[in-house]
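Student:
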Amino acid sequence: DAKTTQPPSMDCAEGRAANLPCNHSTISGNEYVYWYRQIHSQGPQYIIHGLKNNETNEMASLIITEDRKSSTLILPHATLRDTAVYYCIGLRSGAGSYQLTFGKGTKLSVIP
Amino acid sequence: GAGVSQSPSNKVTEKGKDVELRCDPISGHTALYWYRQRLGQGLEFLIYFQGNSAPDKSGLPSDRFSAERTGESVSTLTIQRTQQEDSAVYLCASNNRGSTYEQYFGPGTRLTVT
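Next up, the structure:
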């Protein structure tokens, strides 16, 4: 699985868009970019994933660069409840591929 | 609908005692996963159940750890002769296909071994 690099921490004003970057320069062609988050004292929460195209769901948008070496998770209108550690993971799909392993992630603090 | 539930939410036990942790997956989910997360650390995979297939036990750290799942329902994780290094949050996740990373997690059981 691809190694990913994320800033250790970020602040975002409540109501503004939170843009969380992730570098995955060694990602291979069949690896997806997955994002999870973990709010303090809760289990991890799946957010979104993508391969090549940009993706959007009810939680967030995922923008993947054309060369796939980096991506950005966008929370369009951050709320205090979005304060969490956000994990970007490069994962290969296929039989037997299911074990999640998180790096250090980005601690996002949403400021009132 | 109801998410993954785990019980108890907190468990304090004395060293050497056995503990049993329970996970109720989302109804209809065929795959169930157990992970361990030590304080300030990442996820540590323990065991994976997929339908009626033999479970993947490759992550169990020692023979003191075991898990069972009946069909596609409840799972129990048992730790025998607990040690202080077993103190952690034990997380359960489920999904409706095995080969996918879109896993839905429960709130975890915080185990403290004194």
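The listed protein sequences correspond, in order, to chains A and B.
In terms of my numbering, the first sequence opens at residue 1304 and continues consecutively.
In terms of my numbering, the second sequence opens at residue 2 and continues consecutively.
Think of the CB as a built atom: it goes at the ideal place given N, C-alpha and C, for glycine as much as any other residue.
Which of the three DSSP states, helix, strand or coil, is assigned to B/E73?
Tutor: DSSP places B/E73 in coil when its eight states are reduced to three.
Student: With 7 Å as the limit, tell me which residues of the region 1363–1394 of chain A have their beta carbon closer than that to any beta carbon of chain B; keep them in chain order.
Tutor: Against chain B - using a Cβ distance shorter than 7 Å - the residues of the region 1363–1394 of chain A are L1394.
Student: Does B/Y49 come within less than 8 Å of chain A when only Cβ atoms are used?
Tutor: It does; some Cβ of chain A falls within 8 Å.
Student: Relative to the alpha-carbon of A/I1330, which residue among A/Y1390, A/S1312 and A/R1395 has its alpha-carbon at the smallest distance?
Tutor: Nearest option by C-alpha distance: A/R1395.
Student: Near A/N1322, what residues of its chain come up, given a Cβ to Cβ distance below 7 Å and the 5 sequence neighbours on each side ignored?
Tutor: Hits under 7 Å: T1375 and I1377.
Student: According to DSSP, what are the bridge partners of B/D19?
Tutor: Looking at the DSSP assignment, B/D19 forms no beta bridge with any residue, so it has no partner.
Student: Pick out whichever of A/A1320, A/A1363, A/I1392 and A/A1381 has its Cα sitting closest to the Cα of A/N1408.
Tutor: The residue asked about is misnamed: residue 1408 of chain A is Gly in this sequence, not Asn. Ranking A/A1320, A/A1363, A/I1392 and A/A1381 by Cα distance to A/G1408 puts A/I1392 first.
Student: Quick check: what's the CA-CA separation for A/C1315 versus A/Q1309?
Tutor: Approximately 16 Å between the Cα atoms of the pair.
Student: Of all the options B/R23, B/V13 and B/S28, which has the alpha carbon lying nearest to the alpha carbon of B/T83?
Tutor: Measuring from the Cα of B/T83, the nearest candidate turns out to be B/V13.
Student: For B/P108 and chain A, any beta-carbon pair shorter than 8 Å?
Tutor: Taking Cβ atoms only, chain A reaches closer than 8 Å to B/P108, which makes this a yes.
Student: Does the beta-carbon of B/G98 have 16 or more other beta-carbons within 10 angstroms, so that it is buried, or is it exposed?
Tutor: Note that residue 98 of chain B is Arg in the sequence shown here, rather than Gly. With fewer than 16 Cβ atoms within 10 Å of its Cβ, B/R98 is classed as exposed.
Student: Please state whether DSSP places B/E103 in a helix, a strand or coil.
Tutor: B/E103: coil per DSSP, three-state reduction.
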